[in-house]
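Data first, discussion second: the structure below is written as structure tokens.
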Amino acid sequence: TALIELGAGFHPDISGHENIIINGMLLGLSRKEVEARLDDIVHFAGVGDFIDQPIRTYSSGMLVRLGFSVAVAVDPDILLVDEVLAVGDEAFTRRCLDRIARMRREGVTLVIVSHDLDLVASLTDRALYLRNGRTIQDGPSDTVVARYRSDVADGEQEQPEDSRVRMIEEGRRWGTGDVEILDVSFSSGGVPLKVLPSGTDATVHIHYKVNEPVEDFVFGIAWHRTDGTLVAGHNTSIDGIQSHRLVDDGEVRCRYPRLDLAAGEYTLDVAVHAVDGLAYDYWCRAAKLRVTAPADWPGIWAPPHRWESDSADWEEPPSGETR
């Protein structure tokens, strides 16, 4: 069942209750099936006090919430959603996200239209970046979101096609090319590596080439899980480093005295750009690192911590710190 426009089939002069019955039947349920799900639909939409009122008395947001609630209640095979999360309060947004995440796990095909970049990155595997009806980029969501953010930062969306930004476009990569990232690698204790035990030191090495001297620059790193979840991001500007001209080829290192990530595979986006956001070279998934840790560690972060109690009878490890 493909979801048609939210609220299609709603009649303004009859109640929300009656419209739920009609809309649910239009989407393929029997009247008995709709009535069995009625309470859940009303609760999900958050329109309980108005459910017996004509829907012409509803706000546009209430109508969209009601339409979405009916749509997800029919267990569709394909769900098309256009900015539905913009019409609800925090509680409705949370219910929507939970329901969409559950549908995704169940194998429902989701097509989401949104300007919420974090939503796109977290809920989708593939994204399509459109501008003026033209496809700018189509690919993995984290890559497309990073491209969109870079374009907004350097003002390309307001610039003509002969913009100063010359796309490198090597799959997951773009920028002016004034500064070029040559290689990204990892080491620990001075030894190159691709697998790292959690809790040990690590250094990210960024080798770069200057094709055209630049007046200012920022180096940045973003850590992602392989499912696209952003784990951490930092750059030299945020960390208070004031840049001057970049003229010579060289290397930049970012050192982590203790990298406390849970077991798994992580990818790094690495970029060098101007202070105003203009990308010199933005390289998505430039490097990959596997982190090892005890298999029973949950989550994506393994922070140092210790347990304390004045009453429990236990024996702490020698260091007092547990992980």
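If you count by this note's numbering, then the sequence shown holds residues 5 to 327, one letter each, in order. In this text, a Cβ means the ideal position worked out from N, Cα and C, and glycines have one as well.
Per DSSP, the bridge partner or partners of residue i
i: Asn-239; result: Gly-224
i: Val-218; result: Leu-250
i: Ser-19; result: Pro-58
i: Gly-137; result: Paired residues: none, contrary to the question.
i: Leu-83; result: Leu-114
i: Ile-210; result: Val-188, Val-256
i: Pro-144; result: Arg-130
i: Leu-265; result: Trp-305
i: Arg-328; result: Residue coverage of the chain in this structure runs from 5 to 327, which leaves residue 328 outside it and unanswerable.
i: Val-195; result: Ser-192
Endpoints, the alpha helix (DSSP H) within which residue i is located
i: Ser-202; result: Premise fails: Ser-202 is in no alpha helix (DSSP H) and is neither H nor E.
i: Leu-67; result: 64 to 77
i: Ala-2; result: Because the chain is modelled from 5 through 327, residue 2 falls outside the range shown and cannot be assessed.
i: Phe-96; result: 94 to 109
Environment of residue i [buried if 16+ CB atoms lie within 10 Å]
i: Pro-164; result: Because the pLDDT at Pro-164 is just 42, under 50, the model does not fix this residue reliably, and the point stays unresolved.
i: Leu-31; result: buried
i: Thr-180; result: buried
i: Trp-311; result: exposed
i: Leu-134; result: exposed
i: Val-274; result: buried
i: Asp-17; result: exposed
i: Asp-285; result: buried
i: Leu-186; result: exposed
i: Val-76; result: buried
i: Asp-317; result: exposed
i: Trp-305; result: exposed
i: Ser-202; result: buried
i: Gly-137; result: exposed
i: Thr-5; result: Any reading at Thr-5 must be qualified, since the residue scores a pLDDT of 40, below 50, and its modelled position is unreliable; the value itself is stated next. The residue in question, Thr-5, is exposed, as its Cβ has fewer than 16 Cβ neighbours within 10 Å.
i: Arg-289; result: buried
i: Arg-170; result: Caution applies to Arg-170, whose pLDDT of 39 falls short of 50 and renders its modelled position unreliable; the value that the coordinates give is listed next. By the neighbour-count rule (16 or more Cβ atoms within 10 Å), Arg-170 is not buried but exposed.
Range of the contiguous beta strand (DSSP E) that encloses residue i
i: Phe-190; result: 183 to 192
i: Ala-283; result: 283 to 296
i: Asp-43; result: Counting along the chain, Asp-43 falls outside any beta strand (DSSP E), though it belongs to the alpha helix (DSSP H) covering 35 to 49.
i: Glu-272; result: A small fix is needed here, since residue 272 is Leu in this sequence, not Glu. Taken as a continuous stretch (DSSP letters only), the beta strand (DSSP E) holding Leu-272 covers 268 to 277.
i: Thr-230; result: Thr-230 -> no beta strand (DSSP E), and no H or E assigned at all.
Anticipated Cβ contact below 8 angstroms, residue i with residue j, distance rounded
i: Asp-155; j: Ser-145; result: Their Cβ separation, rounded to whole angstroms, is 16 angstroms, which puts Asp-155 and Ser-145 out of contact at 8 angstroms.
i: Val-117; j: Val-85; result: 7 angstroms
i: Val-208; j: Val-183; result: Val-208 to Val-183, Cβ: 17 angstroms. No contact.
i: Val-51; j: Arg-69; result: 7 angstroms
i: Ala-206; j: Tyr-152; result: That belief does not hold up - the Cβ atoms of Ala-206 and Tyr-152 are roughly 30 angstroms apart, past 8 angstroms.
i: Arg-176; j: Thr-147; result: 5 angstroms
i: Ala-131; j: Val-115; result: Not a contact, Cβ separation roughly 11 angstroms.
i: Phe-48; j: Arg-99; result: 6 angstroms
i: Tyr-270; j: Leu-234; result: About 11 angstroms separates the two Cβ atoms, so there is no contact after all.
i: Gly-268; j: Arg-229; result: 6 angstroms
beta-carbon residue i near the ligand GDP non-hydrogen atom, thresh 6 angstroms
i: Gly-32; result: In the structure on display, the ligand GDP does not appear, and there are no ligands present to speak of.
Member of the options whose CA lies at the smallest distance from the CA of residue i
i: His-277; options: Ala-291, Cys-258, Ile-59, Val-214; result: Val-214
i: Val-46; options: Leu-33, Ser-19, Ser-34; result: Ser-19
i: His-309; options: Ala-316, Glu-320, Ser-315; result: Glu-320
i: Val-256; options: Gly-268, Ile-225, Asp-93; result: Ile-225
i: Trp-227; options: Glu-219, Val-295, Leu-186; result: Val-295
i: Asp-56; options: Ile-82, Glu-22, Leu-33, Asn-27; result: Glu-22
i: Leu-127; options: Thr-113, Asn-136, Ile-140, Arg-138; result: Thr-113
i: Phe-221; options: His-248, Phe-190, Cys-258; result: His-248
i: Tyr-212; options: Ala-131, Thr-230, Glu-37, Leu-250; result: Leu-250
i: Asp-264; options: Val-115, Gly-244, Ala-297; result: Ala-297
i: Gly-244; options: Phe-223, Asp-253, Leu-234; result: Phe-223
i: Met-66; options: Ile-24, Asn-239, Ser-241, Glu-110; result: Ile-24
i: Trp-178; options: Gln-141, Arg-98, Asp-317, Thr-204; result: Gln-141
i: Ala-291; options: Asp-253, Thr-204, Leu-197; result: Leu-197
i: Ala-40; options: His-15, Pro-58, Val-74; result: Val-74
i: Asp-252; options: Gly-237, Asp-280, Glu-216, Asp-231; result: Glu-216
i: Ala-266; options: Asp-314, Leu-101, Asp-120, Pro-307; result: Pro-307
i: Asn-239; options: Cys-258, Thr-230, Arg-229, Asp-231; result: Cys-258
i: Asp-120; options: Gly-111, Leu-101, Met-107; result: Leu-101
i: Asp-122; options: Phe-190, Glu-37, Gly-232; result: Gly-232
i: Ser-241; options: Asp-280, Glu-37, Gly-71, Asp-314; result: Asp-280
i: Arg-109; options: Ser-315, Cys-288, Asp-81; result: Asp-81
i: Val-218; options: Ser-191, Ala-283, Arg-106, Leu-272; result: Ala-283
Min CB distance residue i to chain B below 7 angstroms
i: Phe-223; result: Note that chain B does not occur in the displayed structure, where there is just one protein chain.
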